[in-house]
Amino acid sequence: MNYLEELVKGIVEYDCDISICGHNINYPRFTIPSCFPKTTIMKQKTALSFLMSDMMIKNYSWGKCYKKKLWKDIQFPENKTYEDVETICKTFMRSHRFYVSNKLLYNYEIRQGSISQQKAAGRNRELKRAYRHQMNIVTKKYPTLKPFGYINLFKADIMHLYDVMTTK
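My numbering puts the first residue of the sequence shown at 71, with every later residue one more than the last.
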């Protein structure tokens, strides 16, 4: 089964609003796989807890298939970095059932010199802003998920520290 077949199966056969598959992040010298140990159906709160901690379910728009109705009146913001973080959570807030496949079907290639790999002043400040925005959206309905949002804020601080330490 290929990538699109698996994602569509999650929507059609299991009546889910969002279908997610595992992925590989391919660096020039190594690969990091990310997938659930078994295929599962999740409810909204559980899926949001994984999204907000950015573990297993990542804050990327890729690797997912969405019912069209989820995107009504939702657009990616222009001229912002980390636009996926604040946009994807909005579709999750409109979803009730999530199909999460354990199959590694998406490959994301990391290329040195690409825009997403460049260090830029304020990059991590923008990431932290996006995570705060996401946390505000989600915790209005699920206040108990706030600790998961703090995981991402902490991660943004670590990324900032790394950038400071490795910039000459």
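Ideal Cβ placement from N, Cα and C applies to all residues, glycine included.
If distances are taken between C-alpha atoms only, which option among the options comes closest to residue i?
i: Tyr130; options: Leu231, Tyr152 and Asp233; result: Tyr152
i: Tyr178; options: Ser171, Leu197 and Pro98; result: Pro98
i: Met112; options: Trp132, Lys137 and Ile90; result: Ile90
i: Met205; options: Ile144, Asp143, Leu118 and Met126; result: Leu118
i: Lys138; options: Met125, Phe162, Met235 and Ala200; result: Phe162
i: Glu196; options: Asn222, Ile207, Gln182 and Ile180; result: Asn222
i: Ile102; options: Leu121, Phe120, Met126 and Thr110; result: Met126
i: Lys150; options: Asn194, Gly133, Lys128 and Tyr169; result: Asn194
i: Phe106; options: Phe100, Thr157 and Tyr169; result: Tyr169
i: Val78; options: Gly133, Asp124, Phe100 and Phe146; result: Gly133
i: Phe120; options: Phe218, Arg167, Thr237 and Tyr232; result: Phe218
i: Lys128; options: Thr110, Arg167 and Ser104; result: Ser104
i: Arg167; options: Met122, Thr110, Lys142 and Thr214; result: Thr110
Could you check how far apart the C-beta atoms of residue i and residue j are, in whole angstroms? I think they sit under 8 angstroms.
i: Gly80; j: Cys135; result: 7 angstroms
i: Lys115; j: Tyr220; result: So it is not a contact: roughly 17 angstroms between Cβ atoms.
i: Tyr176; j: Tyr84; result: About 19 angstroms; that fails the 8 angstroms criterion.
i: Leu95; j: Ile180; result: A small correction: the amino acid at residue 95 is Ile; Leu does not occupy that position in the sequence shown. At roughly 6 angstroms, the Cβ-Cβ gap stays under 8 angstroms, so Ile95 and Ile180 are in contact.
i: Tyr201; j: Val234; result: Not really, about 19 angstroms apart at Cβ, beyond 8 angstroms.
i: Lys225; j: Asp124; result: 7 angstroms
So, at 8 angstroms on beta carbons, what are the nonlocal neighbours of residue i in its own chain, with the 5 sequence-adjacent residues on each side left out?
i: Glu76; result: Ser89, Cys91, Ser171, Lys173 and Leu175
i: Ala140; result: The question names Ala, yet the displayed sequence has Leu at residue 140. Once the five neighbours on either side are set aside, the close Cβ partners of Leu140 are Asp87, Ile88, Thr161, Arg164 and Ser165.
i: Gln182; result: Pro98
i: Pro147; result: Glu153, Glu156 and Thr157
i: Lys216; result: Met205 and Thr209
i: His203; result: Val155 and Glu156
Would you verify that the beta carbon of residue i is, or is not, closer than 8 angstroms to some beta carbon of chain C?
i: Glu156; result: Absent from the structure is chain C; it holds one protein chain and no more.
Can you list, in chain order, the residues of its chain whose CB lies under 6 angstroms from that of residue i, leaving out five sequence neighbours each side?
i: Ile144; result: Lys160
i: His230; result: Asn194
i: Ile207; result: Cys159
Just list the beta strand (DSSP E) runs in the segment 79-167, keeping only unbroken ones of 3 residues or longer that don't cross its boundaries, in chain order. 88-96, 101-104, 110-113 and 134-136
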